[in-house]
Every structure is written in C-alpha cells, then in structure tokens.
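Take a look at the structure set out below.
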Amino acid sequence: MNILKAVLAVSILSASSLVMAEGGGDRVYGRMIQDNERAMQEYAAARGKTPPEVTHYRYGMKLDIAKVVHTSPTGSGCEVMPAQMTYEDSSGDLQTIEYRAMGTACRNQN
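Count the sequence shown with mature numbering (1 follows the signal peptide of the UniProt record, and there is no 0) and you get residues -21 to -1, 1 to 89, in order.
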C-alpha cells in the first residue's frame, strides 16, 4: 500500500511539472518581452531612430512620455507579470520601460 501511495505521489508531481513546462509563466512572459523588443527594434530602424535600451521602472521614477508607441500584452492570467512600454520622450527619442503589471483575467477572484 505504501508503494502505491509513493507511485501515486510521484506521478502527480511529475504531471504537475509537465503542465507548467509549456504554459509556465516565465517562459510565456519571456517570449512576450522578446517579441516586444524585436518589434521596437524594427520600429526604430524603420524611422531612423536609435533602438531603445530597456530601463527597469523604480517607484517614483520621473517619466517624460510624449507619445506611447507600444505596450506589451499583460496576458490572460491573474498574476503579476513583467510588461514593457515603449514611448517617445519630448525630445523624440525612443525609451522602453519595463515594469510589473497585473494580468487581465482577475474578475471575481478575491
């Protein structure tokens, strides 16, 4: 009976790790961030601008946003995830800021 319980526990743990492997947050968010950075490099090249370096947002940081160019999707989960926003500042330079955002599927969840 103990062997059966041990096999059952191992199979449940293995199955749960496989479920998170493909749809796991880190992998999905990493792909979204890479797609955003690639799109912004193409945007900058098409307009003859310098591709923006990613700056990590710090609380209280002053932002000079004249025009929002692109924001990365926040996903359909209900958790905090990385997101990026690329914008033009008042000088016309491209800037990308990375910040943490809540997912968009948080209805009726307490």
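Using N, Cα and C, we set each Cβ at its ideal position, and we do this for glycine too.
State the start and end residues of the unbroken beta strand (DSSP E) segment that holds A80.
Unbroken beta strand (DSSP E) run through A80: 73 to 81.
Going by Cα to Cα distance, which pick from A62, S55, P61 is closest to A84?
Minimum Cα distance to A84 is reached at S55.
Name the DSSP bridge partner or partners of P61?
Paired residues: R79.
Nearest to A24 by CA position, among D72, E77, G9, is which residue?
Comparing Cα-Cα distances from A24 to each of D72, E77, G9, the minimum goes to D72.
Where T65 and V59 are concerned, what is the direct C-alpha to C-alpha distance, given to the nearest angstrom?
Their backbone Cα atoms lie some 19 Å apart in a straight line.
Measuring only the C-alpha atoms, how far is N15 from S70?
So the alpha carbons of these two residues sit roughly 22 Å apart.
So if DSSP puts E67 in a beta bridge, which residue, or which two residues, is it bridged to?
K46, L73, per the DSSP bridge assignment.
Can you give me the start and stop residues for the beta strand (DSSP E) that T34 sits inside?
It spans 33 to 35 - the beta strand (DSSP E) in which T34 sits, taken as one unbroken run.
Where does G9 sit, in a helix, a strand or coil, going by DSSP?
DSSP places G9 in helix when its eight states are reduced to three.
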